[in-house]
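Protein sequences appear in the order of chains A and B. Quick note: the first sequence uses the UniProt record's numbering, first residue 1, plus one each step. Quick note: the second sequence uses the UniProt record's numbering, first residue 1, plus one each step. We put the beta carbon where it would ideally sit given N, CA and C, even for glycine. Since the structure comes first, as structure tokens, the remarks are kept for the end.
Protein chains: 2
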Amino acid sequence: MNTVIETILNHRSIRNFEDRALTNEQIKTIVECAQAASTSSYIQAYSIIGVKDPEKKKKLAELAGNQSYVAENGHFFVFCADLYRHEIAGELENKDVEESLESTEKFMVAVIDASLAAQNASVAAESMGLGICYIGGLRNQLGEVSELLNTPNRVIPLFGLSVGYPAADSGKKTRLPFEHIYHEDQYQADQEVYINQLKQYNETISNYYKERTNGQRTDTWTSQMANSLKTPRRMYMKEFVEKKGFNKN
Amino acid sequence: MNTVIETILNHRSIRNFEDRALTNEQIKTIVECAQAASTSSYIQAYSIIGVKDPEKKKKLAELAGNQSYVAENGHFFVFCADLYRHEIAGELENKDVEESLESTEKFMVAVIDASLAAQNASVAAESMGLGICYIGGLRNQLGEVSELLNTPNRVIPLFGLSVGYPAADSGKKTRLPFEHIYHEDQYQADQEVYINQLKQYNETISNYYKERTNGQRTDTWTSQMANSLKTPRRMYMKEFVEKKGFNKN
Numbered sequence: 001m002n003t004v005i006e007t008i009l010n011h012r013s014i015r016n017f018e019d020r021a022l023t024n025e026q027i028k029t030i031v032e033c034a035q036a037a038s039t040s041s042y043i044q045a046y047s048i049i050g051v052k053d054p055e056k057k058k059k060l061a062e063l064a065g066n067q068s069y070v071a072e073n074g075h076f077f078v079f080c081a082d083l084y085r086h087e088i089a090g091e092l093e094n095k096d097v098e099e100s101l102e103s104t105e106k107f108m109v110a111v112i113d114a115s116l117a118a119q120n121a122s123v124a125a126e127s128m129g130l131g132i133c134y135i136g137g138l139r140n141q142l143g144e145v146s147e148l149l150n151t152p153n154r155v156i157p158l159f160g161l162s163v164g165y166p167a168a169d170s171g172k173k174t175r176l177p178f179e180h181i182y183h184e185d186q187y188q189a190d191q192e193v194y195i196n197q198l199k200q201y202n203e204t205i206s207n208y209y210k211e212r213t214n215g216q217r218t219d220t221w222t223s224q225m226a227n228s229l230k231t232p233r234r235m236y237m238k239e240f241v242e243k244k245g246f247n248k249n
Numbered sequence: 001m002n003t004v005i006e007t008i009l010n011h012r013s014i015r016n017f018e019d020r021a022l023t024n025e026q027i028k029t030i031v032e033c034a035q036a037a038s039t040s041s042y043i044q045a046y047s048i049i050g051v052k053d054p055e056k057k058k059k060l061a062e063l064a065g066n067q068s069y070v071a072e073n074g075h076f077f078v079f080c081a082d083l084y085r086h087e088i089a090g091e092l093e094n095k096d097v098e099e100s101l102e103s104t105e106k107f108m109v110a111v112i113d114a115s116l117a118a119q120n121a122s123v124a125a126e127s128m129g130l131g132i133c134y135i136g137g138l139r140n141q142l143g144e145v146s147e148l149l150n151t152p153n154r155v156i157p158l159f160g161l162s163v164g165y166p167a168a169d170s171g172k173k174t175r176l177p178f179e180h181i182y183h184e185d186q187y188q189a190d191q192e193v194y195i196n197q198l199k200q201y202n203e204t205i206s207n208y209y210k211e212r213t214n215g216q217r218t219d220t221w222t223s224q225m226a227n228s229l230k231t232p233r234r235m236y237m238k239e240f241v242e243k244k245g246f247n248k249n
């Protein structure tokens, strides 16, 4: 196992950081690594906003559902889907690009592009001894987040990334079994096999919680998922992304 | 610079592979690395289909627009957004999760999850001396691709990933300037600054092509983008993803 794979496999989300800011050099390296990720037909459909202003970070922490580690970390990145520069490119070149930019396809492209960049940033940060935590909670109130970060139309903040020196370690959570995630030649949709895999995973997860909580907690993965999914969240999203010029046609 | 960052910064897309298959162990390591990526609230909303069958690979290469390296490589992965197992979880737990699964928010979650996993897979593969190329062309004809891979509802193949031993090196393409991709504290939308950055980048790109083609090619980034975006592509996508149970509300 090489050090790259070691770094990747050693990932865990860190939610408790030392009060020690990243240097500009560290930030630059992380962003350069983000930019080195593949991008669909060279489109580079994302932007990264680094938030240093403590007031802004505090406000973002509140908007993300009072997650302290959004404010307290070494640096806070916001990854955005961004087709604004492509609108400008259309204007500069006198070409009508609106229908493309507003397509579901290009929405997917921008979300994929931003995510590939973010994962490179994460792995790079972790290789530097830093910890990371993705902040999907930023999507709780994207209208307010957009206003705070002054993002124009055709830009959507997708998630945050808290980065910093870990103040406390955290455990690695066991993933779905390899055979369940990975299919060969075609999707393995045989219900019996599929459900058995999920039930086995339930047992693994249940034991994991039991051990870590002295038997207090024994819930399964499917119960966690069902309980979380039974209440639809962020249902304003469809209207929001369309209003921002994405995912319309 | 550590070896992880070196690996990440050294990325280039490889489109020409040796005729040498990945071992099962290599495939397993790559998938394990994919699974180690962060996942939104533990949802793990993706699946990976590895395609070995030469006939299937040939067919996928055709569907992706006759890209030979979809068929000719060491292994071909397809990364899918997957909320099918969450539908099953809802059934097992007797909870109604449909509205959640069909939301734009969960569509974004699944696309992000799959992309984070894919980028881990890519970096891991590259660290093993392999080359990679993302295949967005898979989205040219997703109906046919879904049928070929037998994906059920609530599963959408998002992109392929060709992996293998590089048979030829390729150049690194210069990314947008750091100052353009990275904003501090708020989005830098001052049109004059923004357009100047794009124009500078145009010059960089134009010189890059000029050098590599003995002056034959001199196009700029904004012209490439505008020319590509003026023709909307994959406009069936909105209907397709909705039909598959995503992005509906």
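Counting only Cβ-Cβ distances below 9 Å, residue 181 of chain B has contacts in chain A at 31, 34, 35, 44, 46, 47, 48, 82 and 117, in chain order.
Counting along the chain, residue 48 of chain B sits inside the beta strand (DSSP E) bounded by residues 46-51. Non-local C-beta neighbours of residue 45 of chain A in its own chain, meaning closer than 8 Å and more than five positions away in sequence, comprise 39, 81, 82, 83, 86, 106, 109, 110, 113 and 114, ordered along the chain.
Rounded to whole angstroms, the gap between the alpha carbons of residue 122 of chain A and residue 52 of chain B is 31 Å. Residue nearest to residue 92 of chain B within the set A:54, A:151, A:43 and A:198 is A:198 (criterion: CA-CA distance). By the criterion of a C-beta distance shorter than 8 Å, residue 96 of chain B is surrounded in its chain by 90, once the five residues flanking it on both sides are discounted.
Taking residue 172 of chain A as reference, the option from A:28, A:3, A:6 and A:10 with the minimal CA-CA separation is A:10. For the pair residue 169 of chain A and residue 30 of chain B, the Cα-to-Cα distance works out to about 25 Å. If you look at residue 78 of chain B, you'll find it in the beta strand (DSSP E) that goes 75-82. Three or more beta-carbon pairs separated by less than 8 Å are not found between the region 239-246 of chain A and the region 138-151 of chain B, which leaves the two stretches without contact.
Its chain contains 99, 102, 103 and 104 as the residues whose beta carbon lies nearer than 8 Å to that of residue 249 of chain A, once the 5 sequence neighbours on both sides are disregarded; these appear in chain order. Taking each of B:218, B:244, B:124 and B:125 in turn and checking the Cα distance to residue 158 of chain B, the smallest one comes out for B:244. Listed along the chain, the chain A residues whose CB falls inside 8 Å of the CB of residue 224 of chain B are 42.
Residue burial is scored here from C-beta neighbours: residue 57 of chain B has at least 16 other C-beta atoms within 10 angstroms and is therefore classed as buried.
For residue 150 of chain B, the closest alpha carbon among the candidates B:78, B:67 and B:246 is that of B:78. The beta-carbon separation of residue 165 of chain A and residue 15 of chain A, rounded to 13 Å, does not stay under the 8 Å limit for a contact. Nearest neighbour of residue 228 of chain A by Cα position, chosen from B:41, B:201, B:59 and B:233, turns out to be B:41.
Taking 7 Å as the cut-off between beta carbons, the residues of the region 189-211 of chain A near chain B are 189, 194, 195 and 198, in sequence order.
In the DSSP assignment, no residue is bridged to residue 240 of chain A.
Put simply, the backbone Cα of residue 76 of chain A is about 8 Å away from that of residue 49 of chain A. Within chain B, 93 and 95 have C-beta atoms less than 9 Å from the C-beta of residue 227 of chain A, given in sequence order.
Distance between residue 235 of chain B and residue 152 of chain A, taken at the CA atoms: about 25 Å. Residue 155 of chain A and residue 181 of chain A have their C-alpha atoms spaced approximately 32 Å apart. Close CB contacts of residue 133 of chain A within its chain, under the 7 Å cut and outside five residues either way in sequence, are with 13, 14, 15, 69 and 162 (chain order). Ranking A:125, A:63 and A:148 by CA distance to the CA of residue 136 of chain A puts A:63 first. Going by DSSP, residue 157 of chain B is part of the beta strand (DSSP E) stretching over 155-164.
In the DSSP assignment, residue 14 of chain A falls outside any beta strand (DSSP E), carrying neither H nor E. As DSSP reads the structure, residue 184 of chain A sits in a beta bridge with B:50. For residue 67 of chain B, there are no C-beta contacts with chain A under 8 Å, since the nearest C-beta of that chain is about 13 Å from it. Under DSSP, residue 133 of chain A forms a beta bridge with A:162.
Between residue 221 of chain A and residue 207 of chain A the beta-carbon gap is near 12 Å, outside 8 Å, which marks them as no contact. With 16 or more other Cβ atoms from the protein chains shown falling within 10 Å of its own Cβ, residue 247 of chain A counts as buried. The beta carbon of residue 9 of chain A sits closer than 8 Å to some beta carbon of chain B. The C-beta of residue 232 of chain B comes closer than 8 Å to at least one C-beta of chain A. Residue contact with chain B for residue 131 of chain A: absent (no Cβ-Cβ distance below 8 Å to any residue of chain B).
Rounded to the nearest whole angstrom, the C-alpha separation of residue 130 of chain B and residue 23 of chain B is 12 Å.
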